[in-house]
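So the structure is just underneath, and the comments pick up after that.
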Amino acid sequence: METAPLIAMQSVGKTYPMGDLTVHALRGLDLTIARGELVVLLGPSGSGKTTTLNILGGLDRPTGGRVVVEGEEIARFDERRLTAYRRTKVGFVFQFFNLIPTLTALENVEFALSLTGRGSSLIRRSRELLALVSLEDRADHFPSQLSGGEQQRVAIARALANRPALLLCDEPTGNLDVETARQVLQAIRDLNRREGATVILVSHNASIAPMADRVVRLHDGSVAKIESNPHPAPVGELAW
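Numbering (the working numbering), first residue to last: 97 to 336.
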């Protein structure tokens, strides 16, 4: 029996008014993603990558089409249900780390855990999450005492606080040097494999495509091409 996809986007459109003009960010986008996949969205600026991510994350709403996640059409959710969806189903990792500067790495993760309503054993679970991204020895350091790559890995640990079914990464290596970017991508790949989180990673850098299970190339707000990788390449073998 075939398993239903985690995500099904059907004829999704998104328009924005800009003065007398209407900007079409998405034009009838169709995309399905299976549970446990690591998918990279590639495309030039303005192709619809971030808009797609924001709609899947419940940060924005489509102006047309259907967006079904785990069997529920999230585009029809009211604000209360969207908030609950973001809190319980989705983890976000952005280009900018957005850590709280006055909290240590451990406290940043603890704070995210406290917001999920799963308050028991905060310290133990926070340390487990930092260990998942190989930062257990940096738990008591403040963001200013961490490298860019370490800060991004704390952000990834924080994003996993709610044990999300869906991890959305928007240019997570955009501000990092090549070696640090490799460390962050390796952390994302490890979490995808070990934790089973479905990962959608937005990038303009085609060099990371070989690490994905599938690569979705967007152009002008729709899917231009989908490429499958039966044998994804190890992060260490990516050619930058």
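Even glycine gets a Cβ: it sits at the ideal position worked out from N, Cα and C. The structure displayed is predicted, hence computed values, not measured ones.
Could you check whether residue j and residue i sit closer than 8 angstroms to each other, using their CB atoms as the reference points?
| i | j | result |
| --- | --- | --- |
| Thr294 | Ile170 | no |
| Ser303 | Ala335 | yes |
| Leu199 | Phe207 | yes |
| Val163 | Met114 | no |
| Lys145 | Gly139 | yes |
| Gly244 | Leu272 | yes |
| Pro268 | Leu228 | no |
| Leu102 | Arg131 | yes |
| Gln279 | Phe193 | no |
| Arg290 | Val331 | no |
| Val165 | Lys185 | yes |
| Arg183 | Leu152 | no |
Using a Cβ-Cβ cutoff of less than 7 angstroms, which residues in the same chain neighbour residue i once the five nearest sequence positions on both sides are dropped?
| i | result |
| --- | --- |
| Pro326 | none |
| Arg123 | Gly109, Asp316, Gly317 and Ser318 |
| Asn288 | Leu134 and Val295 |
| Gly292 | Gly132 |
By Cβ distance, which residues of its chain are closer than 8 angstroms to residue i, with the 5 residues on each side in sequence left out?
| i | result |
| --- | --- |
| Leu242 | Ala201, Arg234 and Val250 |
| Ser141 | His300 |
| Met97 | Because Met97 carries a pLDDT of 43, less than 50, the predicted location of this residue cannot be relied on, and no value is offered for it. |
| Ala329 | Pro306 and Met307 |
| Leu178 | Gly154 and Ile170 |
Going by DSSP in three states, residue i sits in which element: helix, strand or coil?
| i | result |
| --- | --- |
| Glu267 | coil |
| Pro101 | coil |
| Arg289 | helix |
| Thr159 | coil |
| Glu232 | helix |
| Arg313 | strand |
| Pro239 | helix |
| Pro326 | coil |
| Ser303 | helix |
| Ser143 | coil |
| Leu117 | strand |
| Ala308 | coil |
| Leu127 | strand |
| Gly132 | coil |
| Ala335 | coil |
| Ala261 | coil |
| Ser107 | strand |
| Arg168 | The displayed chain sequence assigns Glu, not Arg, to residue 168. Glu168: strand per DSSP, three-state reduction. |
Keeping to the same chain, check which residues put their C-beta closer than 6 angstroms to that of residue i; ignore five residues upstream and five downstream.
| i | result |
| --- | --- |
| Gly187 | Ala255, Leu256, Pro260 and Leu263 |
| Lys321 | Arg313 |
| Cys265 | Val189 and Leu297 |
Assuming residue i and residue j are in contact, meaning their beta carbons sit under 8 angstroms apart, how far apart are those beta carbons, in whole angstroms?
| i | j | result |
| --- | --- | --- |
| Leu226 | Ala253 | 5 angstroms |
| Gly167 | Ala100 | 7 angstroms |
| Leu231 | Arg221 | So it is not a contact: roughly 14 angstroms between Cβ atoms. |
| Leu195 | Pro239 | 4 angstroms |
| Asp126 | Ser107 | 6 angstroms |
3-residue-minimum beta strand (DSSP E) runs that sit fully inside the region 171 to 210, ordered along the chain | 186 to 189
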